[in-house]
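J.:
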Amino acid sequence: MIYDIENVDPTLFPDFHKAKRFTIYQEPGYTLFVPSGWWHQVHNIGDTISINHNWCNGSNLDLLVESMTSDLKEVEREIEHLKDMMDQDEWIETCQKLLLLNSGWDWSTLWNMCSTVRERVRRQQLGEEVAVATAVGTVLKDGVDVKRIAPSFPPPLISQQPPLELTLQRVDAVLDFIRSDPSAVWFLQDVKGLKLQ
Numbered sequence: 010m011i012y013d014i015e016n017v018d019p020t021l022f023p024d025f026h027k028a029k030r031f032t033i034y035q036e037p038g039y040t041l042f043v044p045s046g047w048w049h050q051v052h053n054i055g056d057t058i059s060i061n062h063n064w065c066n067g068s069n070l071d072l073l074v075e076s077m078t079s080d081l082k083e084v085e086r087e088i089e090h091l092k093d094m095m096d097q098d099e100w101i102e103t104c105q106k107l108l109l110l111n112s113g114w115d116w117s118t119l120w121n122m123c124s125t126v127r128e129r130v131r132r133q134q135l136g137e138e139v140a141v142a143t144a145v146g147t148v149l150k151d152g153v154d155v156k157r158i159a160p161s162f163p164p165p166l167i168s169q170q171p172p173l174e175l176t177l178q179r180v181d182a183v184l185d186f187i188r189s190d191p192s193a194v195w196f197l198q199d200v201k202g203l204k205l206q
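Read left to right, the sequence shown gives residues 10 to 206 (the numbering used here).
1) Can you give me the C-alpha to C-alpha distance between Gln178 and Ile54, rounded to a whole angstrom?
2) Determine the direct distance from the alpha carbon of Ile187 to that of Leu173, and round the result to whole angstroms.
3) Please confirm whether Glu102 and Val194 have their CB atoms less than 7 Å apart.
4) Can you tell me which of the three DSSP states Thr78 falls into?
5) Going by other Cβ atoms of all chains shown within 10 Å of its Cβ, with 16 needed for buried, is Met77 buried or exposed?
6) Short of 6 Å in beta carbon distance, which residues of its chain neighbour Lys92, apart from the five on each side in sequence? Order them along the chain.
7) Measure the alpha-carbon distance for Gly202 versus Ser189 and round it to whole angstroms.
8) Between Ser124, Pro19, Tyr34, Gly136, which lies nearest to Ala28 when the distance is taken from Cα to Cα?
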């Protein structure tokens with residue numbers, strides 16, 4: 010791995026000079042989105058506060074699930090000493106609450122995201138009109154266009170996006186994975202009131 014693009018050993022990375030490079034000067038108040046899998050390096054010019062947020066998409070859904078299950082195991086390890094003081098349902102619910110607080114996700118947020126993607130694609134395949142994101146705003150179902158205040162860039166090239174069918178396979182695999190976990194099913198149905206289809 011290259012840790013500093015300004016100091017690359019050409020014997021280890023002989024084709025590095027062929028890589029396409031973007032240099033962006035991010036002004037105060039601007040937001041920059043770096044697509045999944047894009048290596049990036051930041052040089053702060055002066056005092057800086059940086060807020061980073063990792064995004065989920067079809068390219069990294071498997072990594073999200075892996076991270077979330079790892080985080081859940083960590084939560085369970087951290088409060089293992091309390092498990093005997095709770096019944097099974099309370100244990101599951103407590104772990105999910107802590108997972109949400111720690112990671113920003115729990116089984117219900119993941120389930121809802123994947124179900125929403127699945128339903129949206131199904132509706133598009135049936136030819137129904139749905140809200141779509143554009144480079145200049147969001148086109149709502151009634152045709153109203155809400156302009157973005159911040160500048161936006163065009164979406165990644167098609168070659169950088171996974172094929173739709175691959176994304177759907179990944180979404181379905183995550184939904185099946187969640188359905189296979191009895192504690193996740195209990196939490197989603199009994200605590201969150203969701204119907205697992």
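For each residue, glycine too, the CB sits at the ideal point set by N, CA and C. Note that the structure is predicted; figures quoted are calculated from it, not measured.
T.: Checking against the coordinates, here is how it stands:
1) The residue labelled residue 178 in the question sits at position 169 within the sequence shown. The residue labelled residue 54 in the question sits at position 45 within the sequence shown. Cα to Cα, the separation comes out at about 43 Å.
2) Numbered from its first residue, the sequence shown carries residue 173 at position 164. Numbered from its first residue, the sequence shown carries residue 187 at position 178. So the alpha carbons of these two residues sit roughly 21 Å apart.
3) Here residue 102 refers to the residue found at position 93 of the sequence shown. Here residue 194 refers to the residue found at position 185 of the sequence shown. Going by C-beta atoms, Glu102 is not nearer than 7 Å to Val194.
4) Numbered from its first residue, the sequence shown carries residue 78 at position 69. The answer is helix: DSSP assigns Thr78 an H, G or I state.
5) Position 68 of the sequence shown, counting from 1, holds the residue named residue 77. Counting Cβ neighbours within 10 Å, Met77 comes out buried, since at least 16 surround it.
6) Against the sequence shown, residue 92 aligns to sequence position 83. Closer than 6 Å at Cβ, skipping near neighbours: Trp100.
7) Translated into positions along the sequence shown, residue 202 becomes position 193. Translated into positions along the sequence shown, residue 189 becomes position 180. Spanning the two alpha carbons is a distance of roughly 18 Å.
8) Within the sequence shown, the letter at position 19 stands for residue 28. The shortest Cα separation from Ala28 among Ser124, Pro19, Tyr34, Gly136 belongs to Pro19.
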